[in-house]
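Residue numbering for the sequence shown follows our numbering, starting at -7 and increasing by one per position. Working notes for the structure below.
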Amino acid sequence: MRNKTIFFFLAVFIFFSFFNALAAENLFKKNNPDFRKYEFARSYISALSYFNAIDRRWKTNPPKKRFAGDDLKIIRGSVEYMVFDNSDLRIAKNYMLKYLKYPNSLMRKVSDLMVVSCDKDIALNNQSKKLWEDWLVKKASGKATVEEEKAFVTAQQGLDAKRTKSDEFIIRASILLTKVLLSQDNLNEKGHLLAITEKQRNRLLDDLDVYGNNVLDWGLQPGQSTLDACIAVIRETLEDPIFIAHK
């Protein structure tokens, strides 16, 4: 009797597991129809390029390097960079706005995450810019105290931490983008079927290589920057042969 009971519950478990898997597959097909996915991916990769422009601006020619020894020019340069950053963020955001009303709910989610991240970063940059501007006034007056400088540095560090948290939205969006690229018929005997052609896959890799050719990792790795993590996640799906493109 006990063995029959175990068998009965095992059969029920297998049935419901199959049912849940089938329901999940049907839900995936409903929420991720194969429509304009190549165009969407190109728009997303283009949007990411503006985050790359921001990273490159601060890393390759930071105000501290450009105006070494001149505190007031360093501050003005930082304010200028904040303006440039927000301009790039608005362009990145505009790439995704039109997809917020698309019938594909996964596309809408990816777009929403990107838009939210851009809006958060813009707001944080505005706060940072205001701190720089206030600090410029104090430094120019020649009356800035050590305590005021410490408070300024602490406030900027707090904004940097919030910006890092905001950028997690972009990583989540990049992971979801790889799900968008899957076809409704997303599994076959050879691997995962993509909703793009081989030619389109190569074109997306070319677009990614314009600014991401130094990132060769696949998937999330410890120590990656936000942008490197996004590139690595997308690169894994586009380069791994288990993901099969249409002919």
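All C-beta atoms in this analysis are idealised placements derived from N, C-alpha and C, irrespective of residue type, glycine included.
In the structure shown, T137 falls within a coil segment according to DSSP collapsed to helix, strand and coil.
For A237, the three-state secondary structure derived from DSSP is strand. Approximately 6 Å separates the beta-carbon atoms of K101 and L168; this is inside 8 Å, confirming the contact. In the three-state scheme derived from DSSP, where H, G and I count as helix and E and B as strand, D177 is classed as strand. In terms of CA proximity to S97, D26 leads the group F59, R49, D26 and S38.
The Cβ atoms of L230 and L196 lie closer than 7 Å to each other.
The C-alpha of D209 lies about 17 Å from the C-alpha of I162.
Residue pairing by DSSP places L186 opposite L174 in a beta bridge.
C-alpha of V129 to C-alpha of A39: approximately 35 Å in a straight line.
Per the C-alpha coordinates, the member of V202, I67 and C222 positioned closest to M106 is C222. For L212, the secondary structure class from DSSP, reduced to helix, strand or coil, is coil.
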